[in-house]
């Protein structure tokens, strides 16, 4: 089906009461006897990573598995780079239960914020080497540490993971959940982790990608432009035009999206009169950001006044065909979430379109991470405490359930596919687990 028609079908599915009952692309979900994840007949899961297990490097698997990317290795294995959304107060969730003070100096030098060696920033990534033939984890290690609240991010076409800090803090003393925390570095950045790293990488912030409460990142493979979401109720949609595509450390121009003829527009649709109509492409352009690395958490405030468009908690983001698709988790009249697309049409502009807005009749609630499935559907992870699921959207507009967490209040996150499309990986965020789902996927 032609891409534009597909997007219109998505919008219709989200707002039509008939879609409150999901279609059965894979069949109805069956209760999991192990009380972990409900799937349809023919599908099964295996555990890839679990909080608290000992990794190959001797450290402990951190908690709070979140955004994740899957990468092909030359030996046929899959490298999974996984974020861990932790802040310094979660002391029992650290990969170093005995603290970092006794670590070798070459390891300490790779940690971004050591917190005076007493209260390091606990966010980062782990890398898991998974064998698709045996469906077993063969190796697992810490690959980034000392960052904060690493929520989502995104894969790059050149084989790395962009890990985003959903945080903004400066050096000094602070309190997190009643704990005294020392910070020695600025936070609010994106960090790059090679999928081919064999251990802990030296954490270097990509300052050109801005300092704000990042959520997700996606790279246009045609241009190397990096798109970014911001998880604030009046956050912006950003992009970095790199000086050298594929070399983000060499900097570039950070910009914010603005609707043509509608300066400082809001897309929330919280009022009775919608701000943004469904299925109506709106032309947009990009505003240059003069100082991407500010001292205060005010980029969104400054550039909203300069005309940038605001979104209600921009979160999941992915490349889908010729455009970017991203979620606004609390947008819409019911505040159950929205899905937008952005199609670049020129060097400095494109079309923004609201393609879905969840209602009380929709089966979708609080869509967060999003991924384009190999067979052409969109798949959204729900961030809800009453049975978070994976929701698929078919080209004909139907919504369907792929999986559901009926056994805890944890959201699902980090959905991604193996390079051959035969396995979907997803995280149960708390306390922290990655599972591999196999079965009769289309194609």
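Numbering (my numbering), first residue to last: 4 to 446.
Idealized CB from N, CA, C, for every residue including glycine.
Here the structure is a predicted model, which is why all the values come from computation and not from measurement.
#1: State the start and end residues of the unbroken alpha helix (DSSP H) segment that holds residue 109.
#2: State the DSSP-derived secondary structure class of residue 205, mapped to helix, strand or coil.
#3: Would you say the region 62-69 touches the region 90-102, given that touching needs at least three Cβ pairs under 8 Å?
#4: Starting from residue 396 and walking both ways along the beta strand (DSSP E), at which residues does that stretch end?
#5: Between which two residues does the alpha helix (DSSP H) carrying residue 305 extend?
#6: Classify residue 149 as buried or exposed, calling it buried when 16 or more other Cβ atoms lie within 10 Å of its own Cβ.
#7: Count Cβ pairs between the region 109-129 and the region 177-193 that sit closer than 8 Å; are there 3 or more?
#8: Would you call the CB atoms of residue 69 and residue 416 closer than 8 Å?
#9: Put residue 253 into one of helix, strand or coil per three-state DSSP.
#10: Taking the alpha carbon of residue 301 as the point to measure from, which residue in 335, 215, 380 has its own alpha carbon closest?
#11: For residue 222, which of 164, 49, 123, 421 has the nearest alpha-carbon?
#12: Among the residues of its own chain, which have a CB less than 7 Å from the CB of residue 227, if the five just before and after it don't count?
#13: Tell me which same chain residues have a C-beta within less than 8 Å of the C-beta of residue 351, skipping the five on either side of it?
#14: Could you check which residue in 145, 94, 49, 134 has the C-alpha nearest to that of residue 58?
#15: Would you kindly work out how many angstroms separate the C-alpha atoms of residue 208 and residue 174, rounded to a whole number?
#16: Mind checking who residue 346 pairs with in its DSSP beta bridge?
#17: Can you give me the start and stop residues for the beta strand (DSSP E) that residue 69 sits inside?
#18: Take the Cβ of residue 36 as the centre, count every other Cβ of all protein chains shown within 10 Å, and call the residue buried at 16 or more, exposed below.
#19: Alpha carbon to alpha carbon, how far is residue 327 from residue 470? Give it in angstroms, no decimals.
#20: Compare the Cα-Cα distances from residue 194 to each of 179, 444, 213, 31 and report the closest residue.
#21: From the DSSP output, which residues share a beta bridge with residue 164?
#22: Can you list, in chain order, the residues of its chain with a C-beta nearer than 6 Å to that of residue 443? Leave out the 5 residues immediately preceding and following it.
#23: On a CA-only basis, which of 356, 147, 242, 423 is nearest residue 201? Give me that one, please.
#24: Return yes when the Cβ of residue 166 is within less than 8 Å of the Cβ of residue 128, no when it is not.
#25: Quick check on this structure: which residue in 276, 182, 361 has the alpha carbon closest to the alpha carbon of residue 93?
#26: To the nearest angstrom, how far is the alpha carbon of residue 260 from that of residue 371?
#27: In its own chain, which residues sit with a C-beta less than 7 Å from the C-beta of residue 387, not counting the 5 before and 5 after it?
#28: One question on the structure: do residue 90 and residue 152 come within less than 8 Å of each other, judged by their Cβ atoms?
#29: Can you confirm whether the region 334-346 touches the region 264-278 when touching is taken to mean that 3 or more C-beta pairs between the two stretches lie within less than 8 Å?
#30: What separation, rounded to the nearest whole angstrom, lies between the Cα atoms of residue 232 and residue 220?
#31: Have a look at 72, 206, 379 and flag the residue whose alpha-carbon is nearest the alpha-carbon of residue 111.
#32: Under 6 Å Cβ to Cβ from residue 422, same chain only, skipping five residues before and after it: list those, please.
#33: Is it buried or exposed, residue 349, if we count other Cβ atoms within 10 angstroms and call 16 or more buried?
#34: By Cβ distance below 7 Å, which residues in the same chain neighbour residue 377 in space, the five residues on each side in sequence not counted?
#35: Put residue 331 into one of helix, strand or coil per three-state DSSP.
#36: If you draw a straight line from the alpha carbon of residue 433 to that of residue 264, how long is it in whole angstroms?
Inspection of the coordinates gives the following:
#1: As a working mapping, residue 109 is identified with position 106 in the chain shown. Residue 109 -> alpha helix (DSSP H) spans 108-111.
#2: Position 202 of the chain shown, counting from 1, holds the residue named residue 205. If DSSP states are grouped into helix, strand and coil, residue 205 belongs with coil.
#3: Cβ pair count under 8 Å is three or more, so yes.
#4: Along the chain shown, one-based indexing puts residue 396 at 393. Taken as a continuous stretch (DSSP letters only), the beta strand (DSSP E) holding residue 396 covers 392-396.
#5: Position 302 of the chain shown, counting from 1, holds the residue named residue 305. Element bounds for residue 305: 302-308.
#6: On the chain shown, residue 149 is found 146 positions in, with the first residue counted as 1. By the 10 Å Cβ count, residue 149 comes out buried.
#7: yes
#8: Here residue 69 refers to the residue found at position 66 when the chain shown is read from its first residue. Here residue 416 refers to the residue found at position 413 when the chain shown is read from its first residue. Yes, the Cβ-Cβ distance between residue 69 and residue 416 is below 8 Å.
#9: For the purposes of this step, residue 253 is identified with residue 250 of the chain shown, where counting begins at 1. Reduced to three states, the DSSP call for residue 253 is helix.
#10: As a first step, residue 301 is located in the chain shown; it is residue number 298 there, counting from the start. Nearest of 335, 215, 380 to residue 301, Cα basis: 215.
#11: In the chain shown, the residue the question calls residue 222 occupies position 219. Checking every option, the nearest Cα to that of residue 222 belongs to 164.
#12: For this step, residue 227 is matched to residue 224 along the chain shown. Within the same chain, residue 227 has close Cβ partners 245, 248, 249.
#13: Translated into positions along the chain shown, residue 351 becomes position 348. Result list for residue 351: 288, 289, in chain order.
#14: By 1-based counting over the chain shown, the position of residue 58 is 55. Nearest C-alpha to residue 58: 145.
#15: Locating residue 208 in the chain shown gives position 205, where the first residue counts as 1. Locating residue 174 in the chain shown gives position 171, where the first residue counts as 1. Going by the C-alpha atoms only, they are around 15 Å apart.
#16: Taking the chain shown and counting its residues from 1, the one referred to as residue 346 is at position 343. DSSP output for residue 346 lists 354 as bridge partner(s).
#17: As a first step, residue 69 is located in the chain shown; it is residue number 66 there, counting from the start. Note, residue 69: beta strand (DSSP E), 68-75.
#18: Translated into positions along the chain shown, residue 36 becomes position 33. Label assigned to residue 36: exposed.
#19: Because the chain spans 4 through 446 in this model, residue 470 falls outside it and cannot be assessed.
#20: As a position in the chain shown, residue 194 is number 191, starting the count at 1. Ranking 179, 444, 213, 31 by Cα distance to residue 194 puts 213 first.
#21: The residue given as residue 164 occupies position 161 in the chain shown. Per DSSP, 158, 196.
#22: The residue given as residue 443 occupies position 440 in the chain shown. Cβ within range, chain order: 45.
#23: As a working mapping, residue 201 is identified with position 198 in the chain shown. The shortest Cα separation from residue 201 among 356, 147, 242, 423 belongs to 147.
#24: Counting from one through the chain shown, the residue named residue 128 turns up at place 125. Counting from one through the chain shown, the residue named residue 166 turns up at place 163. Cβ distance < 8 Å, so residue 128 and residue 166 count as in contact.
#25: Against the chain shown, residue 93 aligns to sequence position 90. That would be 182, whose Cα lies nearest to the Cα of residue 93.
#26: If you number the chain shown from 1, residue 260 lands on position 257. If you number the chain shown from 1, residue 371 lands on position 368. Cα to Cα, the separation comes out at about 20 Å.
#27: Start at 1 with the first residue of the chain shown, and residue 387 comes out as number 384. Taken in chain order, the residues that qualify are 368, 369, 414.
#28: One-based indexing of the chain shown puts residue 90 at position 87. One-based indexing of the chain shown puts residue 152 at position 149. Result yes, Cβ atoms of residue 90 and residue 152 sit closer than 8 Å.
#29: Per the Cβ contact rule, the region 264-278 is in contact with the region 334-346 (3 or more Cβ pairs under 8 Å).
#30: Along the chain shown, read from residue 1 onward, the residue named residue 232 stands at position 229. Along the chain shown, read from residue 1 onward, the residue named residue 220 stands at position 217. Cα-Cα distance, rounded: 7 Å.
#31: Here residue 111 is taken as the residue at index 108 of the chain shown, counted from 1. Considering only alpha carbons, the answer is 206.
#32: Here residue 422 corresponds to residue number 419 of the chain shown, with the count starting at 1. If we look at residue 422 and ignore the five residues flanking it on each side, its Cβ neighbours are 75.
#33: The residue you call residue 349 lines up with position 346 of the chain shown. Exposed is the call here.
#34: Along the chain shown, read from residue 1 onward, the residue named residue 377 stands at position 374. 420, 424, 446, listed in sequence order.
#35: Position 328 of the chain shown, counted from the first residue, corresponds to residue 331. Here residue 331 sits in strand by DSSP.
#36: The residue given as residue 433 occupies position 430 in the chain shown. The residue given as residue 264 occupies position 261 in the chain shown. Roughly 44 Å separates the two Cα atoms.
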